[in-house]
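In our numbering, the protein residues as written are 6 to 182.
By construction, the Cβ of each residue, glycine as well, lies at the ideal position given by its N, Cα and C atoms.
These numbers come from a predicted model, not from an experiment.
Encoded as C-alpha cells, the structure appears first; notes follow it.
Here it is as C-alpha cells:
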C-alpha cells in the first residue's frame, strides 16, 4: 500500500533498513514479531526507536528516555518470542502499554539543532527515528515512505547546520514536507 504523509515528518532510514527489513513503503502495523526478531541489529534498533516515538505520542510524552526505551525493547522482544505471528504494535501494547513511567526528562521540544548535530551517530539516529515515529503517530499514519523520509531528513540536516540555535521541531516544521 502506498501512502504519503499528511503532516510534517522526517527521518533518515538507512538503505540497510529499507533493503534488509522493509520495502519502499511499509505499514508498520503489518510488521510481525517474527519479522522484527529476524531483523539485523541496526534495522531492529531503528525500528525500535521509531516505535518508541510512536508510543510516546500516544501517551502524550514529549521527552526521550533512553533507559525506558532499552527496557521496553527487552520486554517486547520477550513477548514477541512467544507470539511470533502477532503484530509488533500489539506486542508493544501488551508488553509495555503506553503508561510506563519515564525516568529521564530530555524534552525533545528543547533539543536545538546544534545540540542534535553534536550527538554521536547512534544517539542522533535514535532521535531521528523517535521523532519520525512521534510525528507519524500524530498523523495517525503507520506507513513509512522511505524516499520522502530521506529527502526530508536531508532538508532538516541542511537547515540545522545553518540554524544551530533553533529547536529540532522548528527545523522539522520549516523544512520537511
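What is the DSSP secondary structure of residue i, reduced to helix, strand or coil?
{"i": "residue 31", "result": "strand"}
{"i": "residue 70", "result": "coil"}
Let's test the definition: count the other Cβ atoms within 10 Å of the Cβ of residue i and tell me whether it reaches 16, buried, or not, exposed.
{"i": "residue 53", "result": "buried"}
{"i": "residue 46", "result": "exposed"}
{"i": "residue 74", "result": "buried"}
{"i": "residue 145", "result": "exposed"}
{"i": "residue 106", "result": "The predicted position of residue 106 is uncertain, since its pLDDT is 48 and thus under 50; a value taken from the coordinates is nonetheless stated next. By the 10 Å Cβ count, residue 106 comes out exposed."}
{"i": "residue 130", "result": "buried"}
{"i": "residue 79", "result": "exposed"}
Suppose you measure from the CA of residue i to the CA of residue j; what does that come to, to the nearest Å?
{"i": "residue 50", "j": "residue 56", "result": "10 Å"}
{"i": "residue 114", "j": "residue 173", "result": "7 Å"}
{"i": "residue 162", "j": "residue 148", "result": "22 Å"}
{"i": "residue 33", "j": "residue 77", "result": "17 Å"}
{"i": "residue 170", "j": "residue 86", "result": "44 Å"}
{"i": "residue 116", "j": "residue 98", "result": "28 Å"}
{"i": "residue 44", "j": "residue 177", "result": "28 Å"}
{"i": "residue 137", "j": "residue 84", "result": "24 Å"}
{"i": "residue 39", "j": "residue 175", "result": "37 Å"}
{"i": "residue 126", "j": "residue 31", "result": "24 Å"}
Within this structure, are the beta carbons of residue i and residue j separated by less than 7 Å?
{"i": "residue 41", "j": "residue 93", "result": "yes"}
{"i": "residue 151", "j": "residue 29", "result": "yes"}
{"i": "residue 96", "j": "residue 81", "result": "yes"}
Please work out which residues of its chain come closer than 7 Å, Cβ to Cβ, to residue i, disregarding the five sequence neighbours upstream and downstream, and give them in chain order.
{"i": "residue 62", "result": "139, 142, 143"}
{"i": "residue 111", "result": "68, 69"}
Given residue i, which residues of its chain have a CB within under 8 Å of its CB, disregarding the five upstream and five downstream residues?
{"i": "residue 166", "result": "118, 122"}
{"i": "residue 37", "result": "89, 90, 91, 92, 93"}
{"i": "residue 35", "result": "92"}
Could you pull out every residue in the same chain whose Cβ sits closer than 6 Å to the Cβ of residue i, ignoring the five residues on either side in sequence?
{"i": "residue 168", "result": "118"}
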